[in-house]
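Chemist:
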Amino acid sequence: MTDTDTSTSTSADYCLIDATRPPEAEGPPYAECVLCREPTEYPESYKGITMCPMCEWQEAQRTACSG
5 MTDTDTSTST
15 SADYCLIDAT
25 RPPEAEGPPY
35 AECVLCREPT
45 EYPESYKGIT
55 MCPMCEWQEA
65 QRTACSG
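When you number the sequence shown by our numbering, it's gap-free, plus one each residue, and the end is 71.
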């Protein structure tokens, strides 16, 4: 049996999903949510998938690890 050092482990080491987020917009125009078409907190110029806070939360619930 080996002794492992867990003092350097962080929550970032635990989750293997890339959770990078787009930069927040400083003001209008805001990008539309790709699911519900509501305005998001991200700039319209951001290229990629943008979701409003509610859809982000629902997506995180749906894809969360269950173990």
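Glycine residues also receive a C-beta, built at the ideal position from the N, C-alpha and C atoms. All values derive from a computational prediction rather than experimental measurement.
Please classify Cys37: is it buried, with 16 or more other beta-carbons within 10 angstroms of its beta-carbon, or exposed?
Modeler: When all chains shown are included, Cys37 counts as buried.
Chemist: Report the rounded CA-to-CA distance for Ser15 versus Ala68, giving the unit in angstroms.
Modeler: Unreliable positioning characterises Ser15 in this predicted model, as indicated by a pLDDT of 49, which lies under 50. The coordinate reading is nonetheless provided below. Cα to Cα, the separation comes out at about 15 angstroms.
Chemist: DSSP three-state call for Ala35: helix, strand or coil?
Modeler: DSSP places Ala35 in strand when its eight states are reduced to three.
Chemist: Alpha carbon to alpha carbon, how far is Glu28 from Asp9? Give it in angstroms, no decimals.
Modeler: The pLDDT assigned to Asp9 is 49, lower than 50, so where the model puts this residue is not dependable, and the model offers no usable value.
Chemist: For Lys51 and Pro33, I'd like the C-alpha separation in whole angstroms.
Modeler: Taking the straight line from one Cα to the other gives about 14 angstroms.
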